[in-house]
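So the sequence shown is residues 1 to 277, counted in the UniProt record's numbering. In what follows, a single structure is set out as structure tokens and then discussed.
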Amino acid sequence: MKDSRIEEVLTGVTELPPMPQVGAQVLQIIEKPDFSFADLVSVISKDVSITTAILKLANSPLFGLKVTVSNLTQAISLLGIKNLKNLVIALSTKGLFEASKVGVFEHKLWEHSVATAIYARIFALKFHRSIAEEAFIIGLIHDIGQIVLSIHLDKYNTLKEMIYGQDVDICTIEREYLGFDHADVGGYLLKEWGLPELYVDTIYHHHNISKSTYSDMAKLLFIANNKVKSFGYNLTTRYDTDFEEIFKSYAYPEDELRELDIYFEEIIKSEKELLKL
């Protein structure tokens, strides 16, 4: 990724948003060698929506905890610092949506992001456990570039009408009209935020996974991003190029995939509050 090129093509975006405050503060705290759970609880609890979402997720099948989690201290202890950090950063991105600019497109974009996060998590737990901790955050923020463009770039409004509900390739249209696409923006933004290269690289290449350095995570996101479209969580009706062919080449057991799809629908129903902006 060439920063100079990305900076040049992003001139229409007057100001890239900073990392949401709670996410930034959590990262600052856990970098200290002597941090305490109390420090994390103090910061996270100031955001009621994030606190509520974390407790709900901690009690969901997505994280498979064996006890009822009733407070943040307990959630941190049971989920672990890495899981908690990922959840806070992912959930805090919801704050990038400005209420005055949220329409049908933005609601569908958030629904797609949450659905992708859930599918990525359960798929990883089934087939790629070594990357399961990162799966949820990668899924939730994979279209963060599109969020930024939708909210901060006025001329993206025209593209929304061309994209939503149509049989089109989003990245192709974005590049034709803007000179770049949302994956460029997302990768650049995450790098500016100082997030790990795993996130930056995977998001930057999530529509062109052969170029990603992190093949397992790229493959996981590619699958989740496309699979949720079959459940109606999509902005366009078109799948990524050669998705079906590539997916079949991975040769996952058909019976286990069917079980996973059923499980996904069950979790979506139980976590429907997460789908709302």
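In this text, a Cβ means the ideal position worked out from N, Cα and C, and glycines have one as well.
As assigned by DSSP and simplified to three states, the class of residue i
i    : result
R129 : helix
S212 : coil
G186 : helix
V102 : coil
E271 : coil
D195 : Here residue 195 turns out to be Leu, not Asp, going by the sequence shown. L195: coil per DSSP, three-state reduction.
Y263 : helix
S249 : helix
M217 : helix
G80  : coil
T236 : coil
F97  : coil
E176 : helix
L153 : coil
D241 : Strictly speaking, residue 241 in this sequence is Thr, with Asp absent from that position. DSSP places T241 in coil when its eight states are reduced to three.
Y119 : helix
E134 : helix
Y164 : coil
D47  : coil
E31  : coil
Residue i versus residue j: straight-line alpha-carbon distance, rounded
i           : j    : result
I29         : K85  : 10 Å
E111        : K32  : 35 Å
I76         : C171 : 38 Å
I118        : N225 : 10 Å
L221        : Q146 : 16 Å
S215        : S130 : 13 Å
P18         : D255 : 44 Å
L91         : I141 : 9 Å
N157        : A38  : 43 Å
R238        : D169 : 7 Å
D167        : T236 : 6 Å
V228        : E265 : 10 Å
residue 282 : L109 : Given a span of 1 to 277 for the chain in the structure shown, any question on residue 282 remains unanswerable.
Q74         : Y250 : 38 Å
K272        : F243 : 27 Å
L277        : S49  : 11 Å
Y233        : Y177 : 25 Å
P61         : K82  : 18 Å
L198        : S212 : 9 Å
Y204        : A58  : 29 Å
E133        : F63  : 9 Å
V185        : V41  : 32 Å
Residue i vs residue j beta-carbon contact at 8 Å
i           : j    : result
G103        : P20  : no
I44         : V26  : yes
G187        : V200 : yes
F136        : L79  : no
T202        : I144 : no
V148        : L195 : no
V114        : L257 : no
D181        : E174 : yes
T51         : L65  : no
I138        : L260 : no
residue 301 : I151 : For residue 301 there is no data in the structure shown, the boundaries of the chain being 1 and 277.
Y263        : F127 : no
Supposed contact pair residue j and residue i - C-beta distance, whole angstroms, cut 8 Å
i    : j    : result
H206 : A218 : 7 Å
I268 : F247 : Not a contact, Cβ separation roughly 20 Å.
K155 : F105 : The Cβ separation is near 14 Å, so there is no contact.
Heavy atom of the ligand FMN within 7 Å of residue i beta-carbon
i    : result
L140 : Although the ligand FMN was asked about, the structure shown includes no ligands whatsoever.
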